[in-house]
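Beneath this line is the structure, given in structure tokens, with notes to follow.
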Amino acid sequence: MNLKRDQPIPPPPAEGEWLIICGTREARTGWPDLQRQAGANLARAHETLRTDPAPVPETDRQHRLRGKQLRSGEYQGRTLPRWQYEVTGGGRIWYLVDAEHRQVIVVLASTGHPKATE
0 MNLKRDQPIP PPPAEGEWLI ICGTREARTG WPDLQRQAGA NLARAHETLR TDPAPVPETD
60 RQHRLRGKQL RSGEYQGRTL PRWQYEVTGG GRIWYLVDAE HRQVIVVLAS TGHPKATE
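Under numbering that gives the first Met the number 0, the first residue of the sequence shown carries the number 0, and numbering increases by one thereafter.
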């Protein structure tokens, strides 16, 4: 963890929870925007990602992305399934699910609908 002065210290995952990490610049810059726009919804999303990042069956707000280009993503040389959480009507979190390490890697946090899915 690379903490900087005056930044919040995130809580570690509790037993059975998943670690949520920031995987891209887009996630790092978009997360604060989502927090400003929809803080309560983002808090619920964060809780859901910590406890059940890949639900079966999928939910209305949380589902695996489809299509050859979107259904998976690369992280540290591995191909992982890519999921989406709908924070608001337009706001989205895209993340990779690393079941082996129980990690959720956030790759996009956006207040608007991602262009790749239009």
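Think of the CB as a built atom: it goes at the ideal place given N, C-alpha and C, for glycine as much as any other residue.
Runs of alpha helix (DSSP H) wholly within the stretch 13-37 (minimum 4 residues, chain order): Within the stretch 13-37, no complete alpha helix (DSSP H) run reaches 4 residues.
CA-to-CA distance, Glu-57 to Thr-110, given in whole angstroms: Rounded to whole angstroms, Thr-110 to Glu-57 spans 22 Å at the Cα level.
The stretch 76-96 / the stretch 5-12 touching (three or more Cβ pairs under 8 Å): Flag = no, the stretch 76-96 and the stretch 5-12 do not touch.
Nearest neighbour of His-45, chosen from Arg-24, Pro-54, Gln-36, Tyr-84 [CA to CA]: The residue from Arg-24, Pro-54, Gln-36, Tyr-84 with its alpha-carbon nearest to that of His-45 is Tyr-84.
Among Glu-99, Pro-31, Thr-28, nearest to Thr-78 - alpha-carbon criterion: Shortest Cα-Cα distance from Thr-78 to any of Glu-99, Pro-31, Thr-28 involves Glu-99.
Closest by C-alpha distance to Val-105, when choosing among Trp-30, Pro-54, Ile-8, Thr-50: Of the listed residues, the one whose Cα sits closest to Val-105 is Trp-30.
His-100 - DSSP class collapsed to helix/strand/coil: Per DSSP, reduced to three states, the secondary structure at His-100 is coil, with no helix or strand assignment.
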